[in-house]
Amino acid sequence: MDALLGQFGEAIGVFFAQPTVRLVLDMAIGYVVVVWLATALWAFVDMRRRTMNPIWPYATAAVVVLASPALFPLALLLHLIVRPRGTVAERRMSALRDAALDAEVDRSICPGCRRPVDEEWLICPRCRTALGHLCERCGHAVGSDWDACAWCGALFVPPTGVVRADL
204 MDALLGQFGE
214 AIGVFFAQPT
224 VRLVLDMAIG
234 YVVVVWLATA
244 LWAFVDMRRR
254 TMNPIWPYAT
264 AAVVVLASPA
274 LFPLALLLHL
284 IVRPRGTVAE
294 RRMSALRDAA
304 LDAEVDRSIC
314 PGCRRPVDEE
324 WLICPRCRTA
334 LGHLCERCGH
344 AVGSDWDACA
354 WCGALFVPPT
364 GVVRADL
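This note's numbering numbers the first residue of the sequence shown as 204 and each following residue consecutively.
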């Protein structure tokens, strides 16, 4: 049995001693090392895009490097699990989009033509729909559907013949 194992070991030694096999093995090892270091660089750049913290990119790259070429796929998987969901730029864009949508919702629109109007306008400049009137007591512009002035508290009497429907 020892002779058989000795012959088998000798055959493997002869196989790996061939220059072509040695070159292929060296190239494979070199490829794994390059991919390992490229993964560390990618993790560094990716984390730098996803956080404003200056330490996290270095810590992420260090974890990938310290994981060794054999375990770097696990370190990469860990990075993919714990990294922030979006980049800093994506989060800024989302915040700007939300602010723009909030501003759009808060904007007053004319009931006649559905165009944006200013809160202080009394008449829509496009369709001439009455948007409000001036308070007789303090002079502030108030909405046409208001019952009282928000600035001075004056009560408004609806014009005769107008029936108000409260919802």
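Ideal Cβ placement from N, Cα and C applies to all residues, glycine included.
By the CB criterion at 8 Å, residue 358 and residue 344 fall outside the cutoff. With a contact defined as Cβ atoms closer than 8 Å, residue 340 and residue 329 miss out at about 30 Å. With fewer than 16 other Cβ atoms from the protein chains shown falling within 10 Å of its own Cβ, residue 349 counts as exposed. Excluding its 5 nearest sequence neighbours in each direction, residue 315 has C-beta neighbours in its own chain below 7 Å: 327, 330 and 332, listed in chain order. In the DSSP assignment, residue 336 falls within the unbroken beta strand (DSSP E) covering 335-337. Taking residue 243 as the centre and dropping the five residues before and after it, the same chain places the C-beta of 264, 267 and 268 closer than 6 Å to its C-beta, in chain order. Per the C-alpha coordinates, the member of 347, 311, 260 and 304 positioned closest to residue 287 is 260.
For residue 346, the uninterrupted beta strand (DSSP E) segment begins and ends at 344-346. For residue 240, the closest C-alpha among the options 298, 310, 276 and 313 is that of 276. Residue pairing of residue 358 in beta bridges, as defined by DSSP: 351.
In the three-state DSSP reduction, residue 312 falls in the strand class (E or B). Rounded to the nearest angstrom, the gap between the Cα atoms of residue 304 and residue 236 is 48 Å. Rounded to whole angstroms, the Cβ separation of residue 347 and residue 334 is 6 Å, and the two are in contact under 8 Å.
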